[in-house]
Amino acid sequence: MKSKNGYLGHFLSSLLRSSRTLKFRLNVFITAMLILVVGIPVYLLVHYIDQFRHEFATNMIETTTHTVYQGLYDDLLKNDSASIQAKVELMSLNPNLELLRIYRPNGDVVFSSRKSEIGTNLFHNKVHDFINPESKEDQETFIQFGEYYSHHHPIFVQKECTPCHKNPGSLIAILDVHVGVYNTSDYIYKTIRQFTIFGSIFIVVLLWTLLNYMYEGQIESR
1230 MKSKNGYLGH FLSSLLRSSR TLKFRLNVFI TAMLILVVGI PVYLLVHYID
1280 QFRHEFATNM IETTTHTVYQ GLYDDLLKND SASIQAKVEL MSLNPNLELL
1330 RIYRPNGDVV FSSRKSEIGT NLFHNKVHDF INPESKEDQE TFIQFGEYYS
1380 HHHPIFVQKE CTPCHKNPGS LIAILDVHVG VYNTSDYIYK TIRQFTIFGS
1430 IFIVVLLWTL LNYMYEGQIE SR
């Protein structure tokens, strides 16, 4: 019986002999050309599809967050805690909204559609990338969790807030909105993406088989 090293040596020597043949070199050339001609355009197409989907999702979430903020704006000015919490719970009944919360820059949750997390600190959650309270610039943070996006929208002290709060323009709280993005448009996106990938693989295999068949036919006809 041959040892494993003997089988390996025989395999390598056979592979080396095959690599010297015209057929092997032509197969390598055909494979490389198909990957370049088909693979690169498909990769770019999938990249643009993913980019378009991300932009669509973030725009939809920003619109949703703006609507939520406008719904809470008057109660925030009045500092009506009971009304704010009631509206947060009411808005969260929307099937596309998974979670609504408002937390302070130090991470303490002030209002939430999940009453159990009110008074807890979100900074213990290492998954999130939170807004930097030291920065005075507008910060929008988007984090994807499966079929949901978490959008952190900063709330700054405005002129109307100065009767109760100091330092106009400073960050006073963050509105965190979790929005579901799995809908009909998302299903269409995933279908197009899968069809593009599997279609390109099918084309590469088909062309590779066809070109090799044509090559074999040319050899046999001589």
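The sequence shown runs 1230 to 1451 under our numbering.
Virtual Cβ for every residue (Gly too), placed ideally from N, Cα, C.
None of the values given here were measured: they were computed from a predicted structure.
Nearest-angstrom Cβ-Cβ length linking residue i and residue j, presumed shorter than 8 angstroms
i            : j            : result
residue 1437 : residue 1263 : 6 angstroms
residue 1407 : residue 1327 : 4 angstroms
residue 1271 : residue 1425 : 6 angstroms
residue 1341 : residue 1333 : Not really, about 12 angstroms apart at Cβ, beyond 8 angstroms.
residue 1313 : residue 1421 : Their Cβ separation, rounded to whole angstroms, is 41 angstroms, which puts residue 1313 and residue 1421 out of contact at 8 angstroms.
residue 1336 : residue 1316 : About 22 angstroms separates the two Cβ atoms, so there is no contact after all.
Coarse secondary structure for residue i, derived from DSSP in three states
i            : result
residue 1322 : coil
residue 1376 : coil
residue 1434 : helix
residue 1350 : strand
residue 1440 : helix
residue 1304 : helix
residue 1279 : helix
residue 1419 : helix
residue 1343 : coil
residue 1355 : Since pLDDT at residue 1355 reaches only 48, below the 50 mark, its modelled position is unreliable, and the value read off the structure follows with that caveat. Coil, per DSSP.
One or two residues paired with residue i in a DSSP bridge
i            : result
residue 1272 : Note: residue 1272 sits in no beta bridge, so no partner.
residue 1332 : 1338, 1403
residue 1408 : 1326, 1378
residue 1371 : 1380
residue 1385 : 1400
Beta carbon of residue i nearer than 7 angstroms to that of residue j
i            : j            : result
residue 1399 : residue 1410 : no
residue 1404 : residue 1432 : no
residue 1202 : residue 1339 : Summary: the structure shown does not reach residue 1202, with the chain confined to residues 1230 through 1451, and so no result is reported for it.
residue 1416 : residue 1282 : no
residue 1439 : residue 1259 : no
Residue-chain proximity (residue i, chain D), Cβ-Cβ < 7 angstroms
i            : result
residue 1320 : Structure shown: chain D not included; a single protein chain is present.
Is the number of C-beta pairs between the stretch 1280-1295 and the stretch 1315-1322 that are closer than 8 angstroms three or more? They do not touch, by the three-pair rule.
Decide if the stretch 1338-1350 is in contact with the stretch 1374-1381; the criterion is three or more beta carbon pairs, one per stretch, under 8 angstroms apart. The stretch 1338-1350 makes no contact with the stretch 1374-1381: fewer than 3 CB pairs, one atom from each, lie closer than 8 angstroms.
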